[in-house]
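If you read the sequence shown in the UniProt record's numbering, its first letter stands for residue 1, the second for the next number, and so on.
Quick reminder that beta carbons are idealized off the backbone N, C-alpha and C, glycines included.
Written below as structure tokens is the structure these notes are about.
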Amino acid sequence: MDLSIVIPLYNEEDNIKNLHNEITAAMEGLGLDWEVVYVDDGSADKTFDLLREVAKEDIKAKVVGLRRNFGQTAAMSAGFDHALGKVVVTMDGDLQNDPADIPMLLAELNKGYDLVAGWRADRQDAYLSRKLPSRLANGLISRITKVELHDYGCTLKAFRREVVQSIRLYGEMHRFIPAIASAVGVRIKEVPVNHRARTAGSSKYGISRTPRVLLDLFTVKFLLSYGTKPIQLFGLWGLATGGAGFLLALYYTIQRLFFAVPLWGKPGLILAVLLMLVGVQLISIGLLGELQVRTYYETQAKATYTVREVLNGESKR
Ligand code: UDP
Ligand code: MG
């Protein structure tokens, strides 16, 4: 299989038929062996029924039905786990991304990149609630992760299969795939893509997603920089303050014991105690961080979603 197109869908009943037709039209004449992996993220409308119809008519349409709504990122992971293609393309199911852009992304990938990211240069969304927060977030993410893209939030992206397989996603993490991937040496290219206004169904997000994204950004940054060794970050600091406190305390003890210098009126004594306490606490935080990182890597093996039913393919969970 050359290509898998992965699409998470949540209450998109009015878009499914058009979506599948547009994709089929875009793939025509490329001579590729391709599939679409539609992931129904626990929709409450007729999304799954319509996907069943599409799957019945077209063997290229694989459908993964999740047990409940797990969120776009988990739905994308489900799609990655069920994709068979050497190349994986992700896009939204609301037709805001244009399937006609896919051949162009594939051509870029073939120039020697591992990840080609779409950039909604002319984004068709509300300014105040969507474009402005995302502009601020993009600036922040690119500064913090040092992976410079204009548009992290654009779902339309093409990946070599190894890239998506090497990454476990949770939270709102899908937008950070380029940052995580670049840390392991993936070659990234960003290209402008078409963006259209939503004509059917409604957006699932608003400004409320921002804090969640920022929290994930912090996690990503932490894992990228200190990921394997938080103890080095906190521990050294703790050793330094704790050590200074201990030496001060030792100094006062010797003075008191051997030279009978009274301890009254010595503010340095308080400092010594404080420094020792802070040192112990920082070292403990480092240890906890160390445990936390281990737990993080452990849980990567566990799925962030559960599958109810798979059509035109085998369930991987
Ligand atoms: N989506 C999903 N699960 C969710 C929310 C959204 O699978 O819990 C899908 C949705 O159906 C769409 C894509 O994720 O295909 C992007 O969602 P939306 O268009 O609402 O986001 P926006 O374009 O407004 O950022
Ligand atoms: Mg959309």
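- Straight-line measurement puts the Cα of Arg308 at about 13 angstroms from the Cα of Phe70.
- Going by C-alpha positions, Gly235 is about 13 angstroms away from Met276.
- Straight-line spacing of the CA atoms in Gly201 and Asp58 works out to 24 angstroms.
- Considering only Thr145, His195, Leu19, Ser4, the residue with the shortest C-alpha distance to Ala183 is Thr145.
- With a threshold of 7 angstroms, the Cβ atom of Asp41 does not count as near ligand 2, since no heavy atom of the ligand is closer than that.
- The Cβ neighbour count for Ala126, taken over all protein chains shown within 10 Å, is under 16; the residue is labelled exposed.
- As the crow flies, the alpha-carbon of Leu9 is around 31 angstroms from that of Arg143.
- Counting along the chain, Phe159 sits inside the beta strand (DSSP E) bounded by residues 157–160.
- Runs of the beta strand (DSSP E) lying entirely within the segment 60–85, each at least 3 residues long, are 61–66 in chain order.
- Ala117 is bridged by DSSP to Lys157, Glu190.
- For Asp41 against Ala75, the beta-carbon gap comes to about 4 angstroms, under 8 angstroms, which counts as contact.
- Using a cutoff of 7 angstroms, the CB of Ser203 counts as near ligand 2, since one of the ligand's heavy atoms is closer than that.
- Between Val220 and Ile188, the C-beta gap is not smaller than 8 angstroms, which leaves the two residues out of contact.
- In the structure shown, Ile16 adopts helical secondary structure according to DSSP, grouped into three states.
- In chain order, Leu105, Glu108, Leu109, Lys157, Ala158, Lys189, Val191 place their CB closer than 7 angstroms to the CB of Val116, counting only its own chain and leaving out the 5 sequence neighbours on each side.
- Cα atoms of Thr304 and Leu250: separation of roughly 52 angstroms, rounded to the nearest angstrom.
- CA-CA distance, Thr73 to Leu132, rounds to 22 angstroms.
- Assigned with DSSP and collapsed to three states, His174 falls in helix.
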